[in-house]
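Here the structure comes first, spelled out in structure tokens, and everything after it is commentary.
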Amino acid sequence: MNNKKKKIEHGKLTVIAGPMFAGKTTKLLTIFSILSNLGYSILCFKAEAKSNGGMGHTRSHDERPLPVIYIDMNKPQRILEYVGRDGIQKVIIDSVQFFEKKPFLVVVKKLLAMGIDVYCDGLIYDYKKREFGGTKALMKIADESIIQYSICVRCAHRAEHTERIAGGTEQSIGTTGKIKAMYIAVCSSCHKIYSG
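Going by the numbering used here, the first residue of the sequence shown is number 1, and it counts up by one from there.
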């Protein structure tokens, strides 16, 4: 009789990165659709400023919905509470840049150690071209990193940055005060830093 426990195969990490309007969430939607059709058990998550784990849909810029569980961006470890159930094989996480970097990296490493494949997307830089959240750190440990680009709205060259054109000057919220933050995709040459 063999008393050895079966070794859990380490999960794979795929990171999709790039500016806004590059199709990152659309890529996650495609992955979700394929995995669902293949019969995998999947949970999808998204960071929110203040969330109690409600369910809803995140949307790509072309309005395609992805069903998600909203997770407080300061408490990424809550993902593990949902995934702790038996049978979850794949985890999809949208907009990882909003999670606290170090605790989120710990969560992803735990998921991978549990044998769960993780697919996530995020911005590499904020609107001031500063590193944004843990996306870049995740890319360093990823089995596959996919960098997607948009088209610069000013010159039609490859856009690797997001530029804020309205709203406040805070880094990580969709609305800044009473004015909704608005963004465009731009190349490095055309990029301007919004000052309010």
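The C-beta atom is built at its ideal place from N, Cα and C for all residues, glycine as well.
Just so we're clear, the structure is a prediction, and the values are computed from it rather than from any experiment.
Contact under 8 Å by Cβ, residue i with residue j
i	j	result
F45	I88	no
A200	F99	Outside the shown range of the chain, which is 1 to 196, sits residue 200, and nothing can be said about it.
V83	G122	no
D143	L35	no
G39	M114	no
Nearest-angstrom Cα separation, counted from residue j out to residue i
i	j	result
T175	D126	Interpretation of T175 is limited by its pLDDT of 39, a score under 50 that renders its predicted location unreliable; the figure taken from the coordinates is listed afterwards. If I take the Cα positions, the gap works out to 14 Å.
F32	V118	11 Å
Y183	E163	5 Å
A49	K110	23 Å
Residue from the options with nearest C-alpha to residue i
i	options	result
D94	G11, Y70, K136	Y70
R85	M139, A22, L43, H10	L43
N74	K102, V68, E81	K102
A181	S189, S188, C190, G168	G168
K128	G196, N37, K24	G196
T200	P76, I92, Y40	No answer is possible for residue 200: the residues shown for the chain start at 1 and end at 196.
L138	R154, A166, V106	V106
I146	I8, H10, A22	A22
Test: residue i CB closer than 8 Å to a CB of chain B
i	result
T162	In summary, chain B is missing from the structure at hand, where a single protein chain is found.
Q: Report yes or no: do the region 17 to 26 and the region 140 to 157 share at least 3 C-beta pairs separated by less than 8 Å?
A: Contact between the region 17 to 26 and the region 140 to 157 is present, because at least three Cβ pairs lie under 8 Å.
Q.
What ranges does the alpha helix (DSSP H) occupy inside the region 121 to 155, keeping only unbroken runs of at least 4 residues that lie completely in it?
A. Those alpha helix (DSSP H) runs which fall completely within the region 121 to 155 and span 4+ residues are 135 to 141.
Q. Going along the chain, which unbroken runs of the beta strand (DSSP E) with 3 or more residues stay wholly within the region 11 to 40?
A. Listed in chain order, they are 13 to 17.
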